Every structure is written in C-alpha cells, then in structure tokens.
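First the structure, in the form of structure tokens, and then the observations on it.
Residue numbers (the numbering used here): 1 to 100.
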C-alpha cells in the first residue's frame, strides 16, 4: 500500500518536472522569437503552462527574485523535485524490501 502511494507521488513529481521543462524551453523559444505568442495555439499553451507553474514559482520568487533578468526559481524547483524523488525512492525501496 505504501509502495503504491510512493510510486504515485513519484509519478506526479515526474509529470511536474516535465511541465517545468516544457515551460522553460517554451520561454526560451519565445524569448528568441522562434515561436510567437500571437499565434493562438502557442498563446493558449503558454497560458496553461503559466497557470500550472505560477503557484509553485511565486513563493520561490518572493524569496529569490530574478537577478539581472535571470530567473532561478525553475532551477530551484528542479532541485526540490530531485531531492523529493530521491527521498521517495529511498522510502519506496525500504517499503519494497519490507514487503518481502
């Protein structure tokens, strides 16, 4: 039971990781004018990604503001996700061994 919960949490963190990666890549493409937000499809995807990621990034941005136009908050989210996935992996391994 605990193993299934930990696997689900790990899966959710993996999805959040991919969402942030897509948002970062898309922000670079928008910044370098490779894709344009005047395109309705691009604008709608960008809006959805911002609505998903902004509640996570906003508290981090309050503590660590952008320095020289460089926003480090997604990097901090990646570090937190990495730490949580390792922690979940550790406890999942213990739960799996305990189930034997």
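Even for Gly, the Cβ is constructed at its ideal location relative to N, Cα and C. None of these values were measured; they are calculated from a predicted model.
Per DSSP, residue i forms a beta bridge with which residues?
| i | result |
| --- | --- |
| residue 67 | 70 |
How far does the alpha helix (DSSP H) with residue i in it extend, from its first residue to its last?
| i | result |
| --- | --- |
| residue 35 | Neither: residue 35 is in no alpha helix (DSSP H) and is coded neither H nor E. |
I think residue i touches residue j, with their Cβ atoms under 8 Å apart; what is that distance to the nearest whole Å?
| i | j | result |
| --- | --- | --- |
| residue 101 | residue 31 | The structure shown has nothing for residue 101, since the chain only spans 1 to 100. |
| residue 20 | residue 82 | That belief does not hold up - the Cβ atoms of residue 20 and residue 82 are roughly 12 Å apart, past 8 Å. |
Looking at residue j and residue i, is the spacing between their C-beta atoms short of 7 Å?
| i | j | result |
| --- | --- | --- |
| residue 88 | residue 76 | no |
| residue 46 | residue 53 | no |
| residue 93 | residue 3 | no |
| residue 23 | residue 49 | yes |
When the Cα of residue i is compared with those of the options, which residue comes out closest?
| i | options | result |
| --- | --- | --- |
| residue 57 | 73, 45, 68 and 46 | 73 |
| residue 28 | 62, 70 and 63 | 70 |
| residue 80 | 98, 95, 42 and 16 | 16 |
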